[in-house]
Amino acid sequence: MLLTGASSLAFQADGWTSSTPLPWILVMGFAMSAIALVGVVAIVLPKRILDRTLLPVVGFAAGSLLGGAFFHLLPEGLEGGASALEACAWMAGGFTVFFAIEQFLHWHRSHTRTVVAARPEAWLILLGDALHNLIGGLSVGAAFMVDPRVGLSAWLAAAAHEVPQEIGDFAILVHGGFPRRRALLLNFISALTFPLGAVVAWGAAARMDIHFLLPFAAGNFLYIGASDLIPEIKAVGGVARGALHLTFFLAGIGLLGALAISLG
């Protein structure tokens, strides 16, 4: 069911009936922030096990992001009334914004390598992560306002990407000079901008049409998957490892495709 204006904030979709999705947005927003705490795995697990486990997860996350963009966000944006050209323009804008953020910070996130960073670079990681989460919260919050099923799909795709990213960010902060507990706390604080962005999207939905945020978010997802994640998994040699990563990548796309079919 699509959002039609300030007077139509009710959802009736497969058991979801609420005058406002704000409680769900808050719950899912803080749940996304809590994923930042998974970074402690980077310290607890032996590096050998972490390296062998993380790359398949990265492949799954890349597939989930592309599946979320193509099967959920972009189609829903088109159903919201945007022309194909307008939707593609917003998608290109979302792609470009994330590219500009990385260029500005001069930091290309690594999801598989432990990088020894100077303390200023560690602060840049926190700043970049906070900005990334704010935009992600806006996008996912807008998806929930448009249709709860689209919101759930977008949340799942974003969550799959957050796990390897937060592990990598936590490792960078620790090796950049922060004590483990402080690194964990700061990483969690930077993730709180996600529910903030989601609440902003909820407030904006009562005053304006926010369908444009869906193809914009699709561009965000495409950039992260294609620019940050896929290069990580394809850089590792070996036929067996390559096949494993491709399998997990296809599983991510397949899961979001199956959700698109099952959720209608």
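Under the working numbering, the first residue of the sequence shown carries the number 170, and numbering increases by one thereafter. Glycine included, C-beta positions come from ideal geometry on N, C-alpha and C.
Is the distance from the Cβ of residue i to the Cβ of residue j below 8 angstroms?
i, j, result
"residue 202", "residue 347", "no"
"residue 138", "residue 315", "Residue coverage of the chain in this structure runs from 170 to 433, which leaves residue 138 outside it and unanswerable."
"residue 306", "residue 367", "yes"
Along the chain, where does the alpha helix (DSSP H) that runs through residue i open and close?
i, result
"residue 373", "362-374"
"residue 206", "First-last for residue 206: undefined, no H or E at that position."
"residue 431", "408-431"
"residue 385", "382-392"
"residue 220", "216-237"
"residue 399", "399-403"
Going straight from the alpha carbon of residue i to that of residue j, what length do you get?
i, j, result
"residue 219", "residue 232", "20 angstroms"
"residue 319", "residue 272", "30 angstroms"
"residue 391", "residue 303", "17 angstroms"
"residue 382", "residue 193", "19 angstroms"
"residue 214", "residue 222", "10 angstroms"
"residue 373", "residue 338", "31 angstroms"
"residue 408", "residue 330", "24 angstroms"
"residue 428", "residue 354", "34 angstroms"
"residue 328", "residue 266", "20 angstroms"
"residue 292", "residue 365", "20 angstroms"
Excluding sequence positions up to five away, which residues of its chain have a Cβ less than 8 angstroms from the Cβ of residue i?
i, result
"residue 332", "204, 207, 226, 230"
"residue 343", "211, 212, 349, 352"
Count the other CB atoms within 10 Å of the CB of residue i; is the residue buried (16 or more) or exposed (fewer)?
i, result
"residue 404", "exposed"
"residue 280", "Bear in mind that the predicted position of residue 280 carries a pLDDT of just 43, short of 50, making it unreliable; the figure below should be weighed with that in mind. Buried: at least 16 other Cβ atoms inside 10 Å."
"residue 268", "exposed"
"residue 423", "exposed"
"residue 430", "exposed"
"residue 386", "buried"
"residue 309", "buried"
Ordered along the chain, which non-local residues of its own chain (more than five positions away) have a Cβ less than 7 angstroms from that of residue i?
i, result
"residue 425", "233, 236, 237, 240, 241, 322, 326"
"residue 335", "204, 205, 207, 208, 356"
"residue 399", "231"
"residue 377", "none"
So, for residue i: in the same chain, excluding its five sequence neighbours on each side, which residues have a beta-carbon less than 6 angstroms away from its beta-carbon?
i, result
"residue 134", "Given a span of 170 to 433 for the chain in the structure shown, any question on residue 134 remains unanswerable."
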